[in-house]
Each structure stands twice: as structure tokens, then as C-alpha cells.
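Have a look at the structure below before the remarks.
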Amino acid sequence: MIKIAPSILSADFANLYEEIKKVERAGADLLHIDVMDGHFVPNLTIGPPVISCLKNRTSLPFDVHLMIENPERYVDDYIQAGAHILTVHMEASAHIHRLLGYIKSRGIIPGIALNPGTPLTNLEYVLDQAGMVLIMSVNPGFGGQSFIPCMKDKIRALKSMMDSRGLEIPIEVDGGISEKNAGEIIEAGANILVAGSAIYSAPEPSKVIKNMKETNPF
Ligand code: DX5
Ligand code: ZN
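Residue numbering for the sequence shown follows the working numbering, beginning at 709 and increasing consecutively.
Below you can see the structure in the form of C-alpha cells.
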């Protein structure tokens, strides 16, 4: 089943609670929360206190995407704040294998994210530690960017890498996804689509979510 994870990066932060309820009512499956530290990416967003306040205020599981340096120093804070899936970047930690194992040991789904320029070969010895792989289809830091077309080849190659190893790990794709390109991204092998601007800028987010799911070729 294809899941849609609206990114609150494109929400109106002055009305965050209502903005979350809006996508919950619209049929979202997960809530994608982009955490940026102004170092790993050139932008700053929200941290554990805001996420904590939202805990128990929605039925949507929190899909927390950490775009921060030294994620090992902060993962406990995000687990405590309510993360269900906690994704760390391959590029941000020298000890990614240990970090994924630690997140898993805390009963949280460990996600591993790859920037567009990071090769899939870096996953070779950590793939079996991951509960989800996040393929960035834009360079992280900002919403509203364009999907990088060759990321479809990367998704396809990841899917076949998993198939050849008999692994069934969800593939999440993040950045520049709209109703127009959702079908090709799903066709390439994605299971979870993150969308910020396409959902939050729409007059009827439920239609966008429905259309994205209906482009499912399977
Ligand atoms: C980018 C973030 C994305 C972003 C997606 O750094 O990780 O989650 O919010 O936004 P859109 O869908 O507008 O590209
Ligand atoms: Zn994200």
C-alpha cells in the first residue's frame, strides 16, 4: 500500500495544530516532520519541544526527518518527543551502523536518508539495520524545489538491490513530489511519498492525496 506523508514544512506555523488536523482529515498516513539545524542544511526549523506539544494531538504517526549534524547527540530527545519513525542522514554520522541499531533498540523505526549525491553503495553494509530508506529527490533544506529526474533511476536501483537481498524495506521519497510525477515515482519502487508544497498549497488537500494514491500502478 502506498502511504502519503505530508510535510509540515509547508504548513502555516502560526496554525500548526489546525494544519495537522487538515491533512489528517484529508487522508494522510504519516506526518512528515522536517528538523533542520542550520548546519547540515542551510535552514532552521523546529525541535523536540514543538514535536512534544503535538504528541497525542493527532492519530498520525510522526515521521521525523533529522537534517542535523551529530544526530547521535539528539536521537533520544526526538524519541522522547514522540517520533515513530526516526530518520538520520548517512552523510551526518560517522557511526551510522551503530546509530541505526540504537534507534531500533529503543523500539523506533530507524530510517536512513541519502542526499541526491550520495551513492547507493554506501548502503551496502547498513541496509539490514534500516527500517526504512529515504531517498532525497531534492537537495535538503527547503520545500518547493523541483524533483531531480535521475532520482527515479536511484529508486529503481535501490529496489533491485533490496530484491536481490530478499529485503522488504519501505522506500520513502522526499522532495518535489506532486500529483503529476507521483505515478512514475511509485512505479520506480517508492512506497511512501512525502509532499509539502503540493499538499499544503492545494485548495483541497484530500484530492491531492487521493490522486497521488490513485496513480498507484499496482
Ligand atoms: C526538504 C524536506 C522535504 C520538503 C518537501 O529538505 O526534507 O520534506 O519539505 O517539500 P516539497 O514537497 O515542497 O518539495
Ligand atoms: Zn523531509
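Yeah, the Cβ is synthetic: ideal placement off N, Cα and C, and Gly gets one too.
Quick caveat: nothing in here was measured; it's all calculated off a predicted structure.
If we count Cβ pairs, one from each stretch, closer than 8 Å, do we get three or more for the region 891–907 versus the region 871–881? When Cβ pairs closer than 8 Å are counted between the two stretches, the region 891–907 is seen to touch the region 871–881, the count reaching three or more.
Can you list the residues near ligand 2, meaning Cβ strictly closer than 6 Å to any non-hydrogen atom, in the order they appear in the chain? Chain-ordered list of matching residues: S715, H740, D742, H773, D882 and V902.
Whose C-alpha, out of L842, E832 and I816, is nearest the C-alpha of Q788? The residue given as residue 788 occupies position 80 in the sequence shown. Minimum Cα distance to Q788 is reached at I816.
Restricting to runs no shorter than 3 residues, where is the beta strand (DSSP E) found entirely within the region 826–905? DSSP runs (the beta strand (DSSP E)) wholly in the region 826–905: 840–844, 879–882 and 900–903.
Can you determine whether any heavy atom of ligand 1 sits closer than 6 Å to the C-beta of P878, and answer yes or no? Here residue 878 refers to the residue found at position 170 when the sequence shown is read from its first residue. P878: no, Cβ never under 6 Å from ligand 1.
Does the Cβ-Cβ distance between G790 and S914 come in under 7 Å? Walking along the sequence shown from the start, residue 790 turns up at place 82. Walking along the sequence shown from the start, residue 914 turns up at place 206. Not closer than 7 Å, so no.
With a threshold of 7 Å on Cβ separation, who are the neighbours of F850 within its own chain once the five nearest residues in sequence on each side are excluded? The count along the sequence shown starts at 1 and reaches residue 850 at position 142. If the five residues before and after F850 are omitted, its C-beta is found closer than 7 Å to the C-beta atoms of N751, all from its own chain and listed in chain order.
Pick out the complete alpha helix (DSSP H) segments inside the region 750–804, 4 residues or longer, and give them in chain order. List check, alpha helix (DSSP H) in window: 756–762 and 783–789.
Take the Cβ of H805 as the centre, count every other Cβ of all protein chains shown within 10 Å, and call the residue buried at 16 or more, exposed below. Position 97 of the sequence shown, counted from the first residue, corresponds to residue 805. Exposed: under 16 other Cβ atoms inside 10 Å.
Under DSSP, the beta strand (DSSP E) around L717 begins and ends at which residues? Start at 1 with the first residue of the sequence shown, and residue 717 comes out as number 9. From DSSP, L717 is part of no beta strand (DSSP E); its letter is neither H nor E.
When L794, S715, E887 and G904 are compared against L919, the one with the closest alpha-carbon: Taking the first residue of the sequence shown as 1, we reach residue 919 at position 211. The question names Leu, but residue 919 in the sequence shown is Asn. The option with the nearest alpha carbon to N919 is E887.
Local conformation of M709 per DSSP, three classes: The count along the sequence shown starts at 1 and reaches residue 709 at position 1. DSSP places M709 in coil when its eight states are reduced to three.
Taking the alpha-carbon of H773 as reference, which of G897, P714, A906 and A910 has the nearest alpha-carbon? By one-based count along the sequence shown, residue 773 stands at place 65. When the alpha-carbon of H773 is set against those of G897, P714, A906 and A910, the nearest one is in P714.
Along the alpha helix (DSSP H) that carries L738, what are the first and last residues, could you check? The residue labelled residue 738 in the question sits at position 30 within the sequence shown. No alpha helix (DSSP H) contains L738, which DSSP labels as neither H nor E.
L842: CB within 6 Å of a non-hydrogen atom of ligand 1: Translated into positions along the sequence shown, residue 842 becomes position 134. Incorrect: L842 has no Cβ contact closer than 6 Å to ligand 1.
Inter-residue Cα distance where the pair is N723 and K730: The residue labelled residue 723 in the question sits at position 15 within the sequence shown. The residue labelled residue 730 in the question sits at position 22 within the sequence shown. Answer to the nearest angstrom: the Cα atoms are 11 Å apart.
Please determine whether the Cβ atom of L717 lies at a distance below 6 Å from any heavy atom of ligand 3. Ligands present in the displayed structure are limited to ligand 1 and ligand 2, and ligand 3 is not among them.
Taking 6 Å as the cut-off, is the C-beta of S905 nearer than that to any heavy atom in ligand 1? Counting from one through the sequence shown, the residue named residue 905 turns up at place 197. Yes, since a heavy atom of ligand 1 falls inside the 6 Å radius drawn around the Cβ of S905.
For a test of your reading of the model: does the CB of P827 fall under 6 Å from any non-hydrogen atom of ligand 1? Yes or no. Indexing the sequence shown from 1 puts residue 827 at position 119. The closest heavy atom of ligand 1 lies 6 Å or more from the beta carbon of P827.
Exposure label - P911; buried when at least 16 CB within 10 Å: As a working mapping, residue 911 is identified with position 203 in the sequence shown. P911 should be labelled exposed.
How is the beta strand (DSSP E) around P818 delimited, first residue to last? Position 110 of the sequence shown, counting from 1, holds the residue named residue 818. Residues I817 to L822.
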